[in-house]
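Chains as they are written, first to last, in this note's numbering: chain D, 1 to 271; chain P, 272 to 611.
Only one structure is covered here, and it is reproduced in the block below.
This is the structure:
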């Protein structure tokens, strides 16, 4: 049962992610139309042979805009993912292990950053230094790490009193080696679950920024912005908003299953 | 006795942390706003103002004094409950926020209750037979729930359940017939509709509330289920569970009397994080469903670059979040003898 399941999740996730990456890279050849070319005579067309996903309120081809929009989304994920978890884990483990004023000050900073609803900080940040890909990534990174700090601290708090940590300390293992070799491995399962959720979460947050009108500037296609445009006509021309949302869903679903499958393979004991 | 003293100490320390964090939050929010390139005086007067009226406007807005004094001024105002005047609505920010806070509180609280019950139930179902058919279904459900953009789901739900099926109310918190006649005394739409004498008001309020609450709950459900399940399974592998089982305890008893108390800290932390996330999710849901609330106030203020309103809204949402997290920390410490 188990052996059968990992490949399914893994293959589905990998296939969909690779497909989107390929489509994003090869956008000029894959997309049937120019994503920014307006054709007012053909606005709000339902899906058809010429326009597989219909056209938006300016007559632009939705399918082509989806393909080009994948570029922005995937670049953002790559930027944020690699930096967020290590920062949070380090802070949480140090706080949980040291206790006292170190813990209080580190967790105050953590709570402070958590206290900003991340969307608001992202909005404020993007508003300050201007919209754009890198800035959106920075904004999401700024608010992404505290979750890891809290989870790893909660774990460390419990472990700090455990016998095997005491045993390790008695053997003279202290400082960095103790944190790295004895505390970090115990925090990883929870952090992995979190990162699995976060890859998709980054995509959703980026789309939310776009939906609120604070993502990448038009006319560059971006999925969240496309949903916002479609929301004005959703009761009559549902397809304008439906397809970009489905694309976001598909990619975050793919990242979720990919991470799920990878986790199962890396740690088969983990249920 | 020692245990009692210890509890008081934990509680006091928690409260101190809370106070420090809140002060820092005001500072950070203010610092963020003063870094903004938008000049409130120019915003007020437009680009073609004369330099004398520009200087006067800066003076009236308190912008001509050094930055630390501006902050001190704002801090004193906050301490007195004065959050300034909104530059777009022209009303005191505090009044705006007091009026809107209950609506967001209602939405997020109902959603977190639904998500907590559903999430823990699903996690227990899944974890009781790991990798069984129910567990696989639970896993798939939580993965799918975690992958859907919540604002898009809201739009689609409005399209399906309101525009096509007519099962629920549409955007807004009430139909027009009630919106302008009902006395919104508490600001909680369910309570106000229940108290109102208008026939059908409560039904109307519920029909407008049900989609936003369910969608917000679905937004949180994936996280709650997944992390709770991981916590339960993490505990279920430990030796005390084997010991309890060897002594003949039933699976139900092992789950509720042995595993749950040990996993409670993590579950509480997960729920606290979720509650905060839902306040944020409310920003999107209120925008999609055009419900008056803190979230929509904030997005409107952001587009108007209405700094006092942005500061106030961030401060209120942030305060709730800090309080929830701080109190959860204290609760976890008090309820788990291993960490106090």
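All residues carry an ideal CB built from backbone N, CA and C; glycine is no exception.
Small disclaimer: the values here were computed from a predicted structure and weren't measured.
I'd like to know whether the C-beta of residue i is nearer than 8 Å to at least one C-beta of chain P.
| i | result |
| --- | --- |
| residue 101 of chain D | no |
| residue 104 of chain D | yes |
| residue 253 of chain D | yes |
| residue 21 of chain D | no |
| residue 152 of chain D | no |
| residue 149 of chain D | no |
| residue 123 of chain D | yes |
| residue 17 of chain D | no |
| residue 204 of chain D | yes |
| residue 93 of chain D | no |
| residue 119 of chain D | yes |
Is there a C-beta anywhere in chain D that falls below 8 Å from the one on residue i?
| i | result |
| --- | --- |
| residue 423 of chain P | yes |
| residue 432 of chain P | no |
| residue 540 of chain P | yes |
| residue 277 of chain P | no |
| residue 551 of chain P | yes |
| residue 486 of chain P | no |
| residue 374 of chain P | no |
| residue 326 of chain P | no |
| residue 295 of chain P | yes |
| residue 292 of chain P | yes |
| residue 288 of chain P | yes |
| residue 420 of chain P | yes |
| residue 556 of chain P | no |
| residue 415 of chain P | yes |
Using the beta-carbon count (16 or more within 10 Å), is residue i buried or exposed?
| i | result |
| --- | --- |
| residue 221 of chain D | buried |
| residue 419 of chain P | buried |
| residue 330 of chain P | exposed |
| residue 309 of chain D | The structure shown does not extend to residue 309 of chain D, since chain D spans only 1 to 271, so no value can be given for it. |
| residue 69 of chain D | buried |
| residue 423 of chain P | buried |
| residue 546 of chain P | buried |
| residue 319 of chain P | exposed |
| residue 522 of chain P | exposed |
| residue 359 of chain P | exposed |
| residue 527 of chain P | exposed |
| residue 326 of chain P | exposed |
| residue 444 of chain P | buried |
| residue 271 of chain D | Interpretation of residue 271 of chain D is limited by its pLDDT of 44, a score under 50 that renders its predicted location unreliable; no figure is taken from the coordinates. |
| residue 532 of chain P | exposed |
| residue 35 of chain D | buried |
| residue 411 of chain P | exposed |
When the distance is taken between beta carbons, is residue j closer than 8 Å to residue i?
| i | j | result |
| --- | --- | --- |
| residue 534 of chain P | residue 506 of chain P | yes |
| residue 92 of chain D | residue 168 of chain D | no |
| residue 389 of chain P | residue 461 of chain P | no |
| residue 67 of chain D | residue 122 of chain D | no |
| residue 530 of chain P | residue 499 of chain P | no |
| residue 257 of chain D | residue 13 of chain D | yes |
| residue 151 of chain D | residue 200 of chain D | no |
| residue 261 of chain D | residue 31 of chain D | no |
| residue 104 of chain D | residue 147 of chain D | no |
| residue 60 of chain D | residue 38 of chain D | yes |
| residue 205 of chain D | residue 141 of chain D | no |
Taking the straight line between their C-alpha atoms, what separation do you get for residue i and residue j?
| i | j | result |
| --- | --- | --- |
| residue 433 of chain P | residue 106 of chain D | 47 Å |
| residue 368 of chain P | residue 90 of chain D | 37 Å |
| residue 87 of chain D | residue 488 of chain P | 29 Å |
| residue 79 of chain D | residue 137 of chain D | 6 Å |
| residue 188 of chain D | residue 214 of chain D | 34 Å |
| residue 284 of chain P | residue 298 of chain P | 21 Å |
| residue 591 of chain P | residue 295 of chain P | 14 Å |
| residue 378 of chain P | residue 553 of chain P | 7 Å |
| residue 71 of chain D | residue 25 of chain D | 7 Å |
| residue 401 of chain P | residue 176 of chain D | 36 Å |
| residue 567 of chain P | residue 556 of chain P | 9 Å |
| residue 574 of chain P | residue 405 of chain P | 46 Å |
| residue 386 of chain P | residue 495 of chain P | 7 Å |
| residue 163 of chain D | residue 599 of chain P | 27 Å |
Keeping to the same chain, check which residues put their C-beta closer than 6 Å to that of residue i; ignore five residues upstream and five downstream.
| i | result |
| --- | --- |
| residue 439 of chain P | 432, 433, 478, 481 and 482 |
| residue 289 of chain P | 597 |
| residue 2 of chain D | Interpretation of residue 2 of chain D is limited by its pLDDT of 48, a score under 50 that renders its predicted location unreliable; the figure taken from the coordinates is listed afterwards. Counting only Cβ-Cβ distances below 6 Å, and skipping sequence neighbours, we find nothing. |
| residue 157 of chain D | 96 |
| residue 484 of chain P | 381 and 382 |
For residue i, which residues in the same chain have their Cβ closer than 7 Å to its Cβ, ignoring the five residues on either side in sequence?
| i | result |
| --- | --- |
| residue 75 of chain D | 133 |
| residue 328 of chain P | 312, 315 and 316 |
| residue 416 of chain P | 489, 492 and 493 |
Excluding the 5 residues flanking residue i on each side, which residues of the same chain have their C-beta closer than 8 Å to its C-beta?
| i | result |
| --- | --- |
| residue 579 of chain P | 354, 355, 356, 357, 358 and 364 |
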